[in-house]
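> Before we start, here is the structure in question, set down as structure tokens.
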Amino acid sequence: MQRRDFLALTALGGGAVFASGLAGCATRGAGNADFYFVQLSDTHWGYQGPANPDAAVTLRKAVATVNALPTPPEFIVFTGDLTHTTDDPAERRRRLAEFKSIVAELKVKTVRFMPGEHDASLDRGAAYKEHFGETFYAFDHKGVHFIALDNVSDPGAKIGDEQLAWLGADLAKLDKRAPIVVLAHRPLFDLAPKWDWATRDGAQALELLMPYANVTVFYGHIHQEHHQMTGHIAHHSAKSLIFALPAPGSQPNRTPLPWDASAPYKGLGFREIEAEAAGSAVKVTEYPVVRA
Amino acid sequence: MTTRGVDRRRMLKEVFAVVGTAAFTRSGIAQTATGPRIIEMTARRFAYEPNEIALKAGEPVVIAIRSLDFVHGMNIPELKMRLDLVPGRVTHLELQPKAAGTIDFVCDNFCGDGHEEMHGRFVVTA
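Order-wise, the sequence lines are chains A and B. Using the working numbering, read the first sequence as starting at 2 and increasing by one per residue. Using the working numbering, read the second sequence as starting at 16 and increasing by one per residue.
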């Protein structure tokens with residue numbers, strides 16, 4: 002997609018956010034080009050409650066909206082909390098299977114998944130793995146190195162020594178100026194620890210990432226857009242597709258924002274991300290659940 | 016990090032002197048007539064009981080915490096300390112507040128549908 006088309010999309014969808022990142026990448030390899038991917042997060046399939054009386058169809062509507070994007074993304078990633086938690090292992094598997102069936106309607110066939118604590122913390126990822134495979138992994142796309150980190154399978158929100166060692170070994174293969182996108186569910190930095198919006202050993206992951214000049218993190222968990230820098234690393238949280246949460250630390254409790262019947266899906270949505278292998282920037286465009 | 020955040024942490028260091036924490040078996044609880052006041056607390060999905068504890072500035076206390084059903088966490092971010100509350104054990108949190116203030120604590124081990132509601136606070140009066 003050309004920048005001209007991106008700007009046209011921005012005018013239609015609104016809410017484009019410019020975020021520095023992937024800056025100063027050295028050279029573009031053969032075959033590398035700008036591309037789009039879509040991030041969806043915190044769908045909480047199985048949730049039933051007043052914060053979203055439309056929960057049974059919200060995900061399906063979002064799938065339809067993604068399918069109607071004028072230019073299909075090259076791939077889609079779900080950054081965790083695919084399902085709402087349950088103590089019942091059979092119900093957990095049923096929710097994961099239903100979620101998988103619904104998102105199979107996405108026209109883009111390269112869809113990547115990650116767990117959230119609602120999917121994985123109560124059984125350390127066992128049911129999630131049965132449906133979606135490994136909880137952390139890396140892949141390359143058109144010159145950008147993507148790293149999906151699991152900071153939820155441990156109920157204490159730890160990445161853990163084994164995964165940190167894997168991260169270090171994965172990064173060691175890269176040039177210090179390589180464009181890197183990190184995907185996670187929880188924030189890797191201490192966004193609001195009193196709301197448990199943190200990763201207990203996230204600082205160790207960020208320490209491993211710091212020597213790399215072009216790192217951008219996309220995550221979920223907090224059910225709202227949020228943008229923050231830790232050093233030169235940009236962190237962008239995504240909206241949810243079930244209910245919105247208050248601004249970090251803005252009130253005593255992290256209770257869902259009430260459903261607004263006059264503005265259904267207010268505060269919900271997904272995003273499209275333009276990644277530039279050439280290294281000048283990442284650009285984020287936010288979309289509502291349903292587009293007019 | 017904001018200036019406000021730095022001031023907040025500095026204030027909290029003055030509010031609390033954390034003597035230390037220890038975990039013992041239930042039979043290992045030591046309590047003497049001259050020792051600190053012991054305040055019992057339980058943790059269960061999805062609440063601490065009590066979830067608001069009144070303390071007096073200058074008084075040393077021990078919070079004796081029993082988890083009834085899960086390895087809940089107790090994170091006290093402003094004090095930069097956290098505990099795992101293991102069922103079958105009593106975890107002791109020793110505090111000596113120095114000045115009035117309020118400080119939050121939260122379960123930071125995901126414990127199920129309701130985890131987000133599991134939190135509490137110490138309220139210290141002069």
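By construction, the Cβ of each residue, glycine as well, lies at the ideal position given by its N, Cα and C atoms. Here the structure is a predicted model, which means the values were calculated and not measured.
1. Would Ser42(A) count as contacting chain B if we go by Cβ distances under 8 angstroms?
2. Would you mind giving the Cβ-Cβ distance between Ala158(A) and Arg187(A), rounded to the nearest angstrom? I have them listed as a contact below 8 angstroms.
3. Tell me which residue opens and which closes the beta strand (DSSP E) that Thr80(A) is part of.
4. Select from His146(A), Phe147(A) and Gly161(A) the residue whose C-alpha is nearest the C-alpha of Val153(A).
5. Taking CB distances under 8 angstroms as the criterion, tell me whether Phe61(B) reaches chain A.
6. Along the segment 145–164 of chain A, where does the CB come closer than 8 angstroms to a CB of chain B? Name the residues.
7. Leaving out five residues before and five after His228(A) in sequence, what residues of the same chain have Cβ atoms less than 6 angstroms from its Cβ?
8. Using only CA atoms, which one of Gln225(A), Met230(A), Thr200(A) and Ile181(A) lies nearest to Leu1(A)?
9. Would you say Thr84(A) reaches chain B, if we count a Cβ-Cβ gap shorter than 8 angstroms as a contact?
10. Determine the direct distance from the alpha carbon of Ala128(A) to that of Ile91(B), and round the result to whole angstroms.
11. What residues in the segment 67–86 of chain B have a beta carbon less than 7 angstroms from any beta carbon of chain A?
12. Apart from the five residues just before and just after Ile118(B), which ones in its own chain have a Cβ nearer than 6 angstroms to its Cβ?
13. What did DSSP end up calling Phe36(A) once you bin it into helix, strand or coil?
14. Kindly list the residues whose CB is nearer than 7 angstroms to the CB of Asp191(A), restricted to its own chain and excluding five residues on each side of it in sequence; keep chain order.
15. Show which residues of chain A have a CB atom less than 8 angstroms away from the CB atom of Pro144(B).
16. Hey, which unbroken runs of the beta strand (DSSP E) at 3 residues or more fall wholly within the segment 218–248 of chain A?
17. So, is the C-beta of Gly103(B) closer than 8 angstroms to a C-beta in chain A?
18. Under three-state DSSP, which class holds Gly144(A)?
In short, the structure shows the following:
1. No - not a single Cβ of chain B is within 8 angstroms of the one on Ser42(A).
2. Their Cβ separation, rounded to whole angstroms, is 6 angstroms, which keeps Ala158(A) and Arg187(A) in contact under 8 angstroms.
3. Phe76 to Thr80
4. Among His146(A), Phe147(A) and Gly161(A), the Cα nearest to that of Val153(A) is on Gly161(A).
5. At a cut-off of 8 angstroms between beta carbons, Phe61(B) makes no contact with chain A.
6. Val153, Pro156, Gly157 and Ala158
7. His237
8. It is not possible to answer for residue 1(A), since the shown part of chain A is limited to 2 through 293.
9. no
10. 32 angstroms
11. Flagged: no residues at all.
12. Glu93 and Phe137
13. For Phe36(A), the secondary structure class from DSSP, reduced to helix, strand or coil, is strand.
14. The beta carbon of Asp191(A) sits closer than 7 angstroms to the beta carbons of Ala199 from its chain, once the five residues preceding and following it are set aside; these are given in chain order.
15. There is no way to answer for residue 144(B), as the model of chain B reaches only from 16 to 141.
16. 227–231 and 234–238
17. The beta carbon of Gly103(B) sits no closer than 8 angstroms to any beta carbon of chain A.
18. coil
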